[in-house]
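Using the working numbering, you'd call the opening residue of the sequence shown number 3 and step up by one each time.
Note that CB positions come from ideal geometry on N, CA and C, so glycine has one too.
In this text, all values refer to a predicted model and were calculated from it rather than measured experimentally.
Input: a single structure, listed below in C-alpha cells.
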Amino acid sequence: MNYPEQLNPEVWPLIVYCAAVIALIVLMLSLSYFLGQKRRDPATDEPFESGIISQGSARLRISVAYYLVAILFIVFDLEAIYLFSWSIAFYETGLLGFIEATIFIVILLVGLIYLWRLGALEWGGHQKSLSDHKNHQ
C-alpha cells in the first residue's frame, strides 16, 4: 500500500503550497534570528518615529465613541458578507432563503433603529447615554 497514490491528485497543489508557505516562514524567521542584532543598546527600547525623538507620554485618551463606531462598523459591515453569499446562491435557496434573508435584514434594521434612537450614532457633544435613555422612558 503506497500512501501518496491514495491521495486525490487535486490535493497535491494544496500540499505543495502549504509546504512552501511553511518553508518560507521558517526561512524568514531563521534569517532574522541569525542576521539580526545580537546586542541590546539603551536606545533599542526607545520609541523612534521618523527621526524625531518623542517627548512626553505616548498614552493618549481616546473617546469611547471611536471604539463604538468601529464596533458598529464591524457589526453592520459583516452583514454585507452574509448578504453577498446569499445573493450568489439566490436561485438555489429559493423562497425559504429569501424569507431568511429578509428576517436577517429586519433584525439588523431593528438594531440600527435602536442604536439611532439611543444616540450611539451621534457625534456631537449631546450624546445620550444608556442611563439617560432609560430615564426618559
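Secondary structure at I64: coil, using DSSP grouped into helix, strand and coil. By the criterion of at least three beta-carbon pairs nearer than 8 Å, the segment 31-47 is not in contact with the segment 78-88. With a 10 Å radius around the Cβ and a threshold of 16 neighbouring Cβ atoms, A122 comes out buried.
By the Cβ criterion, the segment 94-104 is not in contact with the segment 66-73, since fewer than three pairs of Cβ atoms, one from each stretch, lie closer than 8 Å. L114 is positioned such that its CB atom lies no closer than 7 Å to that of E81. Secondary structure note for V23: its alpha helix (DSSP H) is the uninterrupted segment 14-37.
About 7 Å separates the Cβ atoms of L117 and L74, confirming a contact at the 8 Å cut-off. Linking V112 to D79 through their CA atoms gives a straight-line distance of about 16 Å. Residue range 92-120 is occupied by the alpha helix (DSSP H) that includes E94. For I83, DSSP records no beta bridge to any residue.
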